[in-house]
Each structure stands twice: as C-alpha cells, then as structure tokens.
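Chemist: Please find one structure pasted underneath; my questions will follow.
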Amino acid sequence: MRNGWLVPAGAVAAVLVVAACGSSTSGSGGSGGSGSSSSSGNVLKSDTVGSATVLTNAKGLTLYWFVPDTSTTSNCNGTCAHYWPPVPGPATAGSGVSGQIGVITRKDGAKQATFKGHPLYTYVGDTGPGMAKGNGRNLSGGVWHEIVLTGSASSSGGGGYGY
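So the sequence shown is numbered by our numbering: it starts at 253 and just counts up by one.
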C-alpha cells in the first residue's frame, strides 16, 4: 500500500520546477503591469536638495530636463538615455507638486512623463535621494537642469528651471 503513494523523484523535481516557473512568471506579470505599479511607481514628488525644493520621482531621485528637448520630442536617445534614463509615463502628482503633468511618445515608442512641457529624466550619477549631480552639466549634446519647484537653485550648479 505504501508503494502506491510513492512518487518517483524525477516527477517531484519536475513539479517543483514548473511551480517555481509559474510563480515567478505571475509575480513578474503582477508587478510589471501597467495597473497599480505605474501609478505608485511614477508619482512625482517634491524634495529638498541643497537649498532648493526640486521635483523627484517616487524613489526621491532628482528629475531633470534637457535643453535640446521640445514639449513633444525627447532628443535624448541611445547612449544618452542610458546615462539619463527617461521617466516612464504616465505619471501623477504627489504631495507638493502642482503643474501640468503630461506624456510624450519617444522615438522607440515608449511613453515618457513630462512636467510643464519638459520631458523628464533621472541621472545615473545620482545614486540616492538628495543628490543633483547632473544639474548644470553639459553632456550628451546639451545642458541638463534639475526642475526647481521653489527656493534657489541648488549649489551643485545653478540654472534650475524654477516653477
């Protein structure tokens, strides 16, 4: 009777592999979907960096605008977008943020968030909240500015776009 309940080891391993794959797939689909993930992950907030109140993403990273961009076109593609990752759109305004938030479609078809007509980016040199190492830099074909909501431009380079 006990032999009737024994399952070959290979069958147990196959079931565990299938279960693990199924669980990781549904986990990825749930967190990567455009539902609650995009609304909670793309909240624009305000935070103090230096002596300025600047626009940040949900993780507190400073957001930048690129001088060569237009209100409908991002001019940061390819290698530029590696160093200046576009903020995925759409985004929503969090506490302390008022102003027109929009979205554009990039050359690769991806959606990018905008604030008051400026496509938004983070900077790979900012490794945590409270940093604005990209502010005032002339890189990737143009000058980058943090988006200053109130106060004076931060000490890392001035020239912020005050709102």
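In this text, a Cβ means the ideal position worked out from N, Cα and C, and glycines have one as well. Computed from a prediction, not measured in an experiment: that's the story for all the values here.
#1: Round the Cβ separation of Leu-313 and Leu-296 to the nearest angstrom and send it over; I've been treating them as touching at under 8 Å.
#2: Check for me: the beta strand (DSSP E) holding Pro-316 runs from which residue to which?
#3: Closer than 7 Å by C-beta to Gly-377: which residues in its own chain qualify, once you throw out the five before and the five after it? Chain order, please.
#4: Quick one, are the C-beta atoms of Val-395 and Val-319 less than 7 Å apart?
#5: So, are the CB atoms of Asn-329 and Lys-359 less than 7 Å apart?
#6: Should Gly-361 go down as buried or exposed, given a rule of 16 or more other Cβ atoms within 10 Å for buried?
#7: Are Lys-368 and Gln-352 touching if we call contact CB-CB under 7 Å?
#8: Determine the burial state of Asn-390: buried for a count of at least 16 other Cβ atoms within 10 Å of its Cβ, exposed for fewer.
#9: Spatial neighbours of Ser-323 within its chain, please: C-beta separation below 6 Å, excluding the five flanking residues on both sides.
Modeler: On the basis of the data shown:
#1: Contact flag wrong, Cβ pair sits at about 11 Å.
#2: One detail in the question is off: residue 316 reads as Tyr in this sequence, not Pro. Boundaries of the beta strand (DSSP E) harbouring Tyr-316: 316-318, taken from the DSSP string.
#3: Cβ within range, chain order: Lys-385 and Gly-386.
#4: In contact: Val-395 and Val-319 (Cβ atoms closer than 7 Å).
#5: Yes, they are a contact pair.
#6: With fewer than 16 Cβ atoms within 10 Å of its Cβ, Gly-361 is classed as exposed.
#7: Yes. Within cutoff.
#8: So Asn-390 ends up on the exposed side.
#9: Gly-369.
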